[in-house]
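Residue numbers (the numbering used here): 576 to 752.
Given below as structure tokens:
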């Protein structure tokens, strides 16, 4: 029988870290089913869904001690397999936001989504230089799922209104994967 777990690792970025982590997972007969990894500033962050034999779960949890001894923060948590049935029948959308960076953009957009019962599946944010001036521009791309009772038209128009109040461009389109 296999178990599924979510593993997070954060700490100083260095060459070879992903190889070391995946070697450790493989040592306990685990497989990285999906993951997200990023360098943010000088720090590295990894979030991974791992499947492995049930009898290897605790040994892996002990095995990550070597990473902790190197100063990395490591968490492991058992989880369910695959997509949650909680959002079955919900409608997926792609939300993009672009504009001059200022405090509160992420909060205002996500507060509006939460107020309407919309769940964020993935979200990436960042800064890019404006083409002519080099001024920092905020970018956000999110895949969300909305309850079937929330109309696409209402979600799109209301997020446009929020964007207008923040002086950023927002776009909501059906997500096609």
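Virtual Cβ for every residue (Gly too), placed ideally from N, Cα, C.
| Query | Result |
| --- | --- |
| Going by the CB atoms, is the gap between residue 702 and residue 717 shorter than 8 Å? | no |
| Look at the Cβ atom of residue 607, then the Cβ atom of residue 600, and state whether they are nearer than 8 Å. | yes |
| Buried or exposed for residue 756, going by 16 or more other Cβ atoms inside 10 Å? | Because the chain here runs from 576 to 752, residue 756 falls outside it and cannot be looked at. |
| So what does DSSP say about residue 726, is it helix, strand or coil? | coil |
| Is the beta carbon of residue 674 closer than 8 Å to that of residue 744? | yes |
| Tell me which residues share the same chain as residue 731 and place their Cβ nearer than 7 Å to its Cβ, disregarding the 5 neighbours each side in the sequence. | 747 |
| Compute the Euclidean distance between the alpha carbons of residue 546 and residue 661, then round it to the nearest angstrom. | As displayed, the chain neither begins before 576 nor continues past 752, which places residue 546 out of reach and without an answer. |
| What is the DSSP secondary structure of residue 701, counted as helix, strand or coil? | strand |
| Closest to residue 649 by C-alpha separation, out of 656, 638, 655, would be which residue? | 638 |
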